[in-house]
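In terms of our numbering, the sequence shown is numbered consecutively and its last residue is 181.
Just so you know, even glycine gets a beta-carbon here, dropped at the ideal spot from N, CA and C.
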Amino acid sequence: MILILSHGQASIERGFSINKHIEVENLKEMSYTVKRLVYDNIQSYTHVHEVPITEDLWKSVASSRTKDEEYLEENRKQQMAISSQMKRKHFCDELEVLKRGEKMFRRIKISRNFCR
């Protein structure tokens with residue numbers, strides 16, 4: 066008697082090997098998702114030339130550069146805002162240290178005057 070178990074993870078593992086082929090160091094998770102979506106959509110057809118080229122697809126391709134530039138600009142603005150917040154926090158921390166030092170200096174000055 067032989068017990069045969071199916072390998073239920075085969076389709077998932079096949080997906081991992083496909084992801085490895087598109088892996089590039091600087092790609093972010095969103096890029097992986099989009100590439101995977103395109104790959105899966107193309108795989109649903111027998112041949113690549115069977116993929117229908119619709120008007121929506123043409124418009125999407127035509128506007129992709131603009132969308133990418135908008136996305137990058139939004140990221141730059143967010144990074145600048147974060148940088149500005151960090152500078153402000155650093156400045157406030159430095160100011161707080163100076164205020165504490167000034168208070169300590171006044172206490173020392175008062176105690177010296179008191180001891181005379």
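| query | result |
| --- | --- |
| Straight-line gap, TYR136 to GLN143 (C-alpha atoms, nearest Å) | 11 Å |
| Under 8 Å between C-beta atoms of VAL113 and ILE107 | yes |
| Reference MET95, options ASP133, THR111, LYS124, closest by Cα | ASP133 |
| First through last residue of the alpha helix (DSSP H) which encompasses ILE118 | Looking at the DSSP string, ILE118 is not in any alpha helix (DSSP H), and its letter there is neither H nor E. |
| Run of the alpha helix (DSSP H) containing LYS100, from where it starts to where it stops | 94–108 |
| Nearest-angstrom beta carbon gap, VAL103 and TYR110 [assumed within contact, 8 Å] | Actually they are not in contact, since the Cβ atoms of TYR110 and VAL103 sit about 12 Å apart, beyond 8 Å. |
| Alpha carbon of MET169 to alpha carbon of LEU163, nearest angstrom | 10 Å |
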